[in-house]
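Protein chains: 2
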Amino acid sequence: MADSKNKAAKLVGITVPKETNCGQWYVEVVQKAELVEYYSEISGFYILRPPAMHIWNSLRKFFQSHIEGMGVQEASFPMFLSATSLAKEKYGLHNISSVPVAVRPTSEAVMYPYYAKWIRSHRDLPLRLNQWNSVVRWEAKQTTPFLRAREFLWQEGHTAHLTEELASKEVLEILEVYAAIFEKLLAVPVVRGKKTEAEKFAGASWTSTVEAFVPANGRGIQGATSHALGQNFSKMFGITVEDPDKKGSHIHVFQNSWGLSTRVIGVMIMVHGDDKGLVLPPRVANIQAVIIPVGLNAKTKPEDKAKHMEQIQELKTTLQTAGVRVQVDDRDGYTPGFKFSDWEMRGVPLRLEFGLRDAAASVVVTSRRDNGEKGTIPLAELATQVPALLEKIQEDMYTKAAATFESRRLKLTEWDRVVPALDSRNVVIIPFCEEIKCEDRIKELTRSEDQEDENGRKMPGMGMKSLCIPFAQPDGLVAGETKCLNPECQGLAKSWTMFGRSY
Amino acid sequence: MADSKNKAAKLVGITVPKETNCGQWYVEVVQKAELVEYYSEISGFYILRPPAMHIWNSLRKFFQSHIEGMGVQEASFPMFLSATSLAKEKYGLHNISSVPVAVRPTSEAVMYPYYAKWIRSHRDLPLRLNQWNSVVRWEAKQTTPFLRAREFLWQEGHTAHLTEELASKEVLEILEVYAAIFEKLLAVPVVRGKKTEAEKFAGASWTSTVEAFVPANGRGIQGATSHALGQNFSKMFGITVEDPDKKGSHIHVFQNSWGLSTRVIGVMIMVHGDDKGLVLPPRVANIQAVIIPVGLNAKTKPEDKAKHMEQIQELKTTLQTAGVRVQVDDRDGYTPGFKFSDWEMRGVPLRLEFGLRDAAASVVVTSRRDNGEKGTIPLAELATQVPALLEKIQEDMYTKAAATFESRRLKLTEWDRVVPALDSRNVVIIPFCEEIKCEDRIKELTRSEDQEDENGRKMPGMGMKSLCIPFAQPDGLVAGETKCLNPECQGLAKSWTMFGRSY
């Protein structure tokens, strides 16, 4: 973090607009909303604070219950692997005791030798294990909380199947759960699709992905990926079973791996946050509503104030009983205005203001964090209307973000419109031949000046890369006729592919 | 693991009696019941397999819901700490990139600098954070799955309070939750108490503990500890608040830390297991009941068999609907007898046998894992009687273990009876002066030959150490009169203290 940013981070409130300085805006929001603390001991590491852990645990519970229903079991493998198991050039190695060991960047090399040991017969299939842990990747690039950290929390699922068909079915089933996490919990719209050869996980046969979009800078951002590994790893690790249909002959199993990390929290912050700070979708907010007493002042009689505060505690109890995660801000010495800004910065979805006049009228005044809309709710209806309003906020946040993403995903058939579209903060969907070389060339051809990275630094020359080949293909591609949009490419288009500048 | 053990581990079933070779028995049970797999890459590391993770997650859910109710929040701190933060002589250090870093053995040094930053006013208190993670301790001693592993899962709670009284209250509140985990979930009786000066956590003001007992070898085993850190760390890390009663003067906060690790699973295995293998308490068993078809043979008509297997699936559905975690063993090519032994080895609490004659009589035959007791349950009552029987098993397992521990915890007032009591696999409760030097001397005086460690190796000379000063003090100690039982000690007894050979 630059010194100037450190200074800004100490001021109350968010000091820069999201639109013009997305990078610094982000760094301020994550710290001031107390999602993370920078770990000063070692750069690229972050402490996840309670509001961030609440979000992560919400997603974790949702995902865990889904995969349990699918029959996936939980395991825990060691964090270290020996030097011989890891490509030395790729990750940092170090010595503990006399054994050279590395902390896992991912667990294929830790787990698959045991898959080879445990899978002896087709009756041992499917083997489906998931673990929740943290992994370490000694990133050389600029690190950013959630989006690129040297240690991050994730789940990694690793499964083995008898047939390619069974494996493929699971890849897409998991992708749907990931999509639901974005859409239903984080209120973030995503495009489901397949990665191109250039962008797929190197060890995979094919990679499915959910891709999100950051309107403030028009960049695409990968949400989560689910990989069909085919037989690549089973051949490497010797994971075979006897063919149930052909005694004596062996089949290499078909494997999948799939992972969701705390990166998703970064995506959510980027999509929903505004110049006042964080905006949390109600379903993942650790505090969904905050009650703030208003209109009390030096002239208020102590007994009136006491009675009023007592009534606020009753409102809190009513809401808690209704399942609302609610807090009262009864701090002395702070004005209501200060409190409003403070909770807005922290992204609490709903503010409930309650003054003496409101008490007399038997209502609370509501203020939505997502759109600033005000309203009133009769006290007698708090227990039903507040949960309903929170659900409405959740829905509206998704609908708004989906409409934005929709309008900024341009289906183009003229090459000359591509770079201007990117410069106007869109992603594009274009006819594409799906060739690696062509994709490399497209990246070069679409470089332009004055882009900035997630930390607000100018990054001249950021070209677009493919985000995914959407499963929902638009119309208009004529097989054997439509050409790849790259003017230098002579190939035919295989699909509409979504491209964009990206994280 | 010695070669001879490797061979034995490959034979079906447990090959040694628990009583005579507890160490090897344990090593076989944990592997054959598929709780762990030894990690061959690096010694002292173990893979936790689904049945072990099921136990851990049961405890985790229970504990998490209790501490949430207390207001403890979740956080996640980095796994690495810099060399300057860690006593170099104590833990393994290594280099990643250019920064010398170590993997946390525990997180005081990682967390407390941020406590100093976050705690500015008494309004920031109490600060109560817990994290679930894994820690690494490069043990030089012989490692054993669960009981002493170089990496293990745990939770570590770290809290800060304004007063010593508030802090102490929490220490004991947490200890009660730990005790409940042992007693209610693992069916393991524990003695609650305080560690002596010799045995407390070095950084603590005092340490509370729950202590369990392994009847097979008469050794005590520490369950979990909850520490009152006093101001030791707040002075070291400068964690202060302004005294609310005295402007301008500062108070060092009072801290606690408390941890529960996967070691508890090892304690449970040791307490309940028998010569047939693992015995799981129903509340933490991933499979609570297994249905095994019996009496089918080559003469059974295929349509009769199909109808029977269909009925078994119905029984399974009935039980699942009643909340029972049940599995059907419909493997072909295995005799019922083999299956009985297999599930007994895996510790499944309840076996349900179902044959053609049982179907005709509309009953299932039950067989309890804990005591071998047989019975029958009418099909119409499965949904109520199976859950009730599982609860009965849970209770009986606790009652039996508690009676054993009770009878093997000898209150002694004659020194000469101490070593014979230990040799007969008891722990002892004796009048003790609580002095460190005296405790050291007691350890020497009680050494005797022919003890074995948890891996079955002869360990001549294991003396007894203090396990705890039980909170429930027996009668009979006369203040200023009763002497410490150590014949060489001139001191007066301060308490009845529980001593024993131990893990």
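Chains as they are written, first to last, in the working numbering: chain S, 1407 to 1909; chain R, 1407 to 1909. Using N, Cα and C, we set each Cβ at its ideal position, and we do this for glycine too. This structure is a prediction, so every number in the text was calculated from the model and none was measured.
Point to revise | Under the three-state DSSP convention, the category residue 1511 (chain R) falls into | key: coil
Check your understanding: Mind listing which residues of the region 1548 to 1563 of chain R have their C-beta closer than 7 Å to chain S's C-betas, in chain order?
Key -> 1557 and 1559
Review point. Rounded C-beta distance between residue 1629 (chain S) and residue 1685 (chain S)? I'm assuming under 8 Å.
Key: 18 Å between Cβ atoms; not a contact.
Check your understanding: Taking Cβ positions only, does residue 1483 (chain S) come closer than 8 Å to chain R?
Key -> yes
Review point. Could one say the Cβ of residue 1502 (chain R) lies closer than 8 Å to chain S's Cβ atoms, at least one of them?
Key: Residue confidence is low: residue 1502 (chain R) scores 46 on pLDDT, short of 50, so the model does not pin down where it sits. Its coordinate-derived value is still stated next. Taking Cβ atoms only, chain S reaches closer than 8 Å to residue 1502 (chain R), which makes this a yes.
Review point. Under the rule that 16 or more other beta-carbon atoms within 10 Å means buried, what is residue 1745 (chain S), buried or exposed?
Key: buried
Review point. Leaving out the 5 sequence neighbours to the left and right, which residues in its chain are closer than 7 Å to residue 1554 (chain S) when beta-carbon positions are compared?
Key: 1545 and 1547
Check your understanding: How is the alpha helix (DSSP H) around residue 1826 (chain R) delimited, first residue to last?
Key -> It spans 1824 to 1829 - the alpha helix (DSSP H) in which residue 1826 (chain R) sits, taken as one unbroken run.
Review point. Is there contact here, the region 1716 to 1727 of chain R with the region 1785 to 1793 of chain R, by at least three beta-carbon pairs under 8 Å?
Key: yes
Exercise for review: Quick one: residues in its chain with C-beta nearer than 8 Å to the C-beta of residue 1440 (chain S), no 5 flanking neighbours on either side, listed in chain order?
Suggested key: 1455, 1456, 1457 and 1752
Review point. Out of curiosity, what's the CA-to-CA distance linking residue 1904 (chain S) and residue 1443 (chain R)?
Key: 44 Å
Check your understanding: Under a Cβ-count criterion, where at least 16 other Cβ atoms within 10 Å of its own Cβ denotes burial, should residue 1758 (chain R) be classed as buried or exposed?
Key -> With 16 or more other Cβ atoms from the protein chains shown falling within 10 Å of its own Cβ, residue 1758 (chain R) counts as buried.
Point to revise | Contact check, residue 1833 (chain R) vs residue 1873 (chain R), beta carbons under 8 Å | key: yes
**Study point:** For residue 1702 (chain R), three-class secondary structure by DSSP
**Key:** Here residue 1702 (chain R) sits in coil by DSSP.
Practice item. Report back the beta-carbon spacing between residue 1760 (chain R) and residue 1697 (chain R) to the nearest angstrom; my notes put them in contact at under 8 Å. Key: Between residue 1760 (chain R) and residue 1697 (chain R), the beta carbon gap of about 6 Å places them in contact (Cβ cut-off 8 Å).
Point to revise | Separation of residue 1641 (chain S) from residue 1587 (chain R), as counted between CA atoms | key: 44 Å
Check your understanding: In the DSSP assignment, what residue or residues form a beta bridge with residue 1877 (chain S)?
Key -> Partner(s): none; residue 1877 (chain S) has no beta bridge.
Review point. What three-state label does DSSP hand residue 1900 (chain R) in the structure shown?
Key: Note: residue 1900 (chain R) maps to coil in three-state DSSP.
Check your understanding: Mind listing which residues of the region 1443 to 1457 of chain S have their C-beta closer than 7 Å to chain R's C-betas, in chain order?
Key -> 1443, 1445, 1447, 1448, 1451, 1453, 1454, 1455 and 1456
Review point. Hey, does residue 1486 (chain R) have any beta-carbon neighbour from chain S nearer than 8 Å?
Key: yes
Review point. Per the contact definition of three or more C-beta pairs closer than 8 Å, is the region 1642 to 1649 of chain S in contact with the region 1838 to 1848 of chain S?
Key: no
Review point. What's the call for residue 1799 (chain S), buried or exposed, on a 16-neighbour Cβ count within 10 Å?
Key: Classification for residue 1799 (chain S): buried.
Review point. Where does residue 1663 (chain R) land, buried or exposed, given buried means 16+ other C-beta within 10 angstroms?
Key: buried
Review point. Where does the unbroken beta strand (DSSP E) through residue 1628 (chain S) begin, and where does it stop?
Key: 1625 to 1636
**Study point:** Counterpart residues of residue 1801 (chain R) in DSSP-defined beta bridges
**Key:** Looking at the DSSP assignment, residue 1801 (chain R) forms no beta bridge with any residue, so it has no partner.
Check your understanding: Which residues bound the alpha helix (DSSP H) around residue 1767 (chain S)?
Key -> For residue 1767 (chain S), the enclosing alpha helix (DSSP H) stretches over residues 1762 to 1767.
Review point. Which residue from R:1520, R:1473, R:1450 and R:1835 puts its Cα closest to that of residue 1484 (chain R)?
Key: R:1520
Check your understanding: Do residue 1655 (chain R) and residue 1631 (chain R) have their CB atoms nearer than 8 Å?
Key -> Cβ distance not < 8 Å, so residue 1655 (chain R) and residue 1631 (chain R) don't count as in contact.
Exercise for review: Could you name the residues of the same chain whose beta carbon sits closer than 7 Å to that of residue 1750 (chain R), not counting the 5 residues immediately before and after it, in chain order?
Suggested key: 1682, 1683 and 1775
Review point. Looking at the structure shown, is residue 1750 (chain R) part of a helix, part of a strand, or coil, going by DSSP?
Key: helix
Review point. DSSP on residue 1584 (chain S), reduced to helix/strand/coil?
Key: helix
Check your understanding: Does any CB atom of chain R fall closer than 8 Å to the CB of residue 1410 (chain S)?
Key -> Below a pLDDT of 50, predicted positions are generally treated as unreliable, and residue 1410 (chain S), at 48, falls in that range; no measurement from the model is reported.
Review point. Can you name the residues of chain R whose CB is closer than 7 Å to the CB of residue 1540 (chain S)?
Key: Residues of chain R whose Cβ lies closer than 7 Å to the Cβ of residue 1540 (chain S) are, in chain order, 1485.
Review point. How long is the line joining the alpha carbons of residue 1423 (chain R) and residue 1433 (chain R), rounded to whole angstroms?
Key: Across the structure, residue 1423 (chain R) and residue 1433 (chain R) are spaced so that their CA atoms are roughly 12 Å apart.
Check your understanding: Does any C-beta atom of chain R lie closer than 8 Å to the C-beta of residue 1605 (chain S)?
Key -> no
**Study point:** Other residues of its chain near residue 1497 (chain S): CB distance less than 6 Å, five sequence neighbours each side excluded
**Key:** No answer about residue 1497 (chain S) holds up, because its pLDDT of 44 lies below 50 and its placement is not dependable.
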